[in-house]
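The next block holds one structure in the form of structure tokens; read it before the comments.
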Amino acid sequence: LERKEPNYFGAGPALLPTSVLQQAAQDLINFQGIGLGAGEISHRSAAGANIIESTRQHLVELLDIPDTHEVFFMQGGGTTGFSSIATNLTASFAKKTGRKGTPAYVVTGSWSKKAAEEATRLGFNPDIVLDSKKVDGKFGTIPGTDKWSIPQDLSNTSYLYFCDNETVNGVEFPEFPFEKFPGVEIVADMSSNFLSKKVDVSKYGCIFAGAQKNVGLAGITVYIIKKSLLDHPTEDDLTKLNIPLSPIAFDFPTVVKNKSAYNTIPTFTVHIVDLVLQNLIQKGGLDVQQKANEQKAKLLYEALDEFPSVYKLPVEKSVRSKMNVVFTLADGSDAEFLKAAEERELTGLKGHRSVGGMRASLYNAVSLESVKLLCDFVREYGAEHA
Ligand code: PLP
Numbered sequence: 003l004e005r006k007e008p009n010y011f012g013a014g015p016a017l018l019p020t021s022v023l024q025q026a027a028q029d030l031i032n033f034q035g036i037g038l039g040a041g042e043i044s045h046r047s048a049a050g051a052n053i054i055e056s057t058r059q060h061l062v063e064l065l066d067i068p069d070t071h072e073v074f075f076m077q078g079g080g081t082t083g084f085s086s087i088a089t090n091l092t093a094s095f096a097k098k099t100g101r102k103g104t105p106a107y108v109v110t111g112s113w114s115k116k117a118a119e120e121a122t123r124l125g126f127n128p129d130i131v132l133d134s135k136k137v138d139g140k141f142g143t144i145p146g147t148d149k150w151s152i153p154q155d156l157s158n159t160s161y162l163y164f165c166d167n168e169t170v171n172g173v174e175f176p177e178f179p180f181e182k183f184p185g186v187e188i189v190a191d192m193s194s195n196f197l198s199k200k201v202d203v204s205k206y207g208c209i210f211a212g213a214q215k216n217v218g219l220a221g222i223t224v225y226i227i228k229k230s231l232l233d234h235p236t237e238d239d240l241t242k243l244n245i246p247l248s249p250i251a252f253d254f255p256t257v258v259k260n261k262s263a264y265n266t267i268p269t270f271t272v273h274i275v276d277l278v279l280q281n282l283i284q285k286g287g288l289d290v291q292q293k294a295n296e297q298k299a300k301l302l303y304e305a306l307d308e309f310p311s312v313y314k315l316p317v318e319k320s321v322r323s324k325m326n327v328v329f330t331l332a333d334g335s336d337a338e339f340l341k342a343a344e345e346r347e348l349t350g351l352k353g354h355r356s357v358g359g360m361r362a363s364l365y366n367a368v369s370l371e372s373v374k375l376l377c378d379f380v381r382e383y384g385a386e387h388a
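With full-length UniProt numbering applied, the sequence shown closes on residue 388, and no number is skipped along the way.
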């Protein structure tokens, strides 16, 4: 169960710590000596329930999640979150107000755009409080809130949705302007920067994150939700208010009531999340991880910025992502860059197909050593092509 440490910068599914995978490989065959693998046991058995509970507890410890919030896991990925957030959070709002309300979306990149499109498709007619592409033509900025169209009266805003880190466009909120939305439940997609930094969970109505970037394998999505939002109207009342029902396996109160095991949850995939969490705790928690991530991003941006005639960085400095470093080559020599990088065993650097160029993802499992090797290469290539 050995491998050479990869220098892999893929955006997702992404690198996991080798030690976690080695433990997982053993647990896939014989979990805690029970003679069965972690993926073979029933999600309703004691061992299966223990996996879910242990993962939940480690997440509460790591993120310091207050008692006001609940953790649960669901299949379906981030995209399922786009749909299930809309139906569930609208139901929560309807329970409190007796109205359907209107959700508000902050669009700062292709993932929040997709989320807003899904809310539209499901008939929620969202307010788009910001579409940053309309500001700079390319999703490379997050303008100040004076440029946002925030409704004067927020009493009908069912929830406010944003994506904390836009994986494709490389834009990350340094800080979300919570104070501009008093009384509104804030929902954040943290799929690509979950557990990359400390977060004050108490400020959020709901946080969700597909596991396959920073915390595990594809197949599981982590949700943290304010407990008060788990109260929904009856199905009859929802229908009267013209609010679509959530599919039962994605109905948050149902999933929580059943401790994330309403239907068959992939226990092995949850267990990997647990191993990643334990690994983070052992390494000193999110303070340590956040500092390491800041250092990695600083080093790479510095190397790229040294050669402005070679590397073009489309994102404004103040909102550059610490997780997904996006750049293009001024002379269009993408293929040459990627080939030369691969010869150095620096892989996974191709940008998302929708935007092209390069993207170096610096998730938690990417080591400082890997980033330093990438910086050396960026400088050599830059010097040759300047
Ligand atoms: N949200 C963000 C920020 C993402 O980066 C992604 C995928 O890359 C998604 C949502 C969609 O996730 P999934 O492919 O699991 O549906």
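Ideal placement from N, C-alpha and C gives every residue a C-beta, glycine not left out.
{"query": "Just to confirm my understanding: we take Gln24, look at its own chain, exclude 5 residues before and 5 after, and list those with CB closer than 7 angstroms. What are they?", "result": "Leu3"}
{"query": "Look at the alpha carbon of residue 1 and the alpha carbon of Leu91, and state the distance between them as a whole number of angstroms.", "result": "The first residue shown for the chain is 3 and the last is 388, placing residue 1 beyond what the model contains."}
{"query": "Counting beta carbon pairs with one atom in the region 295-309 and one in the region 147-163, are three or more of them shorter than 8 angstroms?", "result": "no"}
{"query": "Is the CB-CB distance between Phe84 and Pro105 below 7 angstroms?", "result": "no"}
{"query": "When you measure from the CB of Thr81 to every non-hydrogen atom of the ligand PLP, does any distance come out below 6 angstroms?", "result": "yes"}
{"query": "Pull up the distance between the alpha-carbon of Ser323 and that of Thr223, whole angstroms please.", "result": "21 angstroms"}
{"query": "For Leu132, write down the residues that DSSP places opposite it in a beta bridge.", "result": "Val108"}
{"query": "Give the DSSP-derived three-state secondary structure of residue 403 in the structure shown.", "result": "In the structure displayed, the chain extends from 3 to 388; residue 403 sits before or after that span and is not available."}
{"query": "Could I get the ranges of all uninterrupted beta strand (DSSP E) runs contained in the region 170-249, with 3 residues as the minimum, in chain order?", "result": "188-191, 208-212 and 223-228"}
{"query": "Note down the Cα distance separating Asn260 from Pro128, rounded to an integer number of angstroms.", "result": "31 angstroms"}
{"query": "I'd like the span of the beta strand (DSSP E) that includes Val317, first residue to last.", "result": "Run containing Val317: none; DSSP gives neither H nor E here."}
{"query": "Using the three-state DSSP reduction, which class does His354 fall into: helix, strand or coil?", "result": "coil"}
{"query": "One question on the structure: do Asn216 and Tyr365 come within less than 7 angstroms of each other, judged by their Cβ atoms?", "result": "yes"}
{"query": "Taking its Cβ as the centre, do 16 or more other Cβ atoms sit within 10 Å of Lys341, making it buried, or is it exposed?", "result": "exposed"}
{"query": "For Phe265, which three-state DSSP category applies?", "result": "The sequence given here places Asn at residue 265; Phe does not occur at that position. Residue state, collapsed to three classes: coil."}
{"query": "Is it right to say Ser21 is buried, meaning 16 or more other beta carbons lie within 10 angstroms of its own, or is it exposed?", "result": "exposed"}
{"query": "Please report the Cβ distance between Asn171 and Phe196, rounded to the nearest whole angstrom; I am assuming they are in contact, meaning their Cβ atoms lie under 8 angstroms.", "result": "With a Cβ gap of about 18 angstroms, Asn171 and Phe196 do not count as contacting."}
{"query": "Give the DSSP-derived three-state secondary structure of Ser363 in the structure shown.", "result": "strand"}
{"query": "Hey, quick one: how far does the alpha helix (DSSP H) through His387 stretch, first residue to last?", "result": "Leu370 to His387"}
{"query": "For the ligand PLP, is there any heavy atom lying closer than 6 angstroms to the beta carbon of Trp113?", "result": "yes"}
{"query": "Give the secondary structure of Phe74 by DSSP, where H, G and I count as helix, E and B as strand, and everything else as coil.", "result": "strand"}
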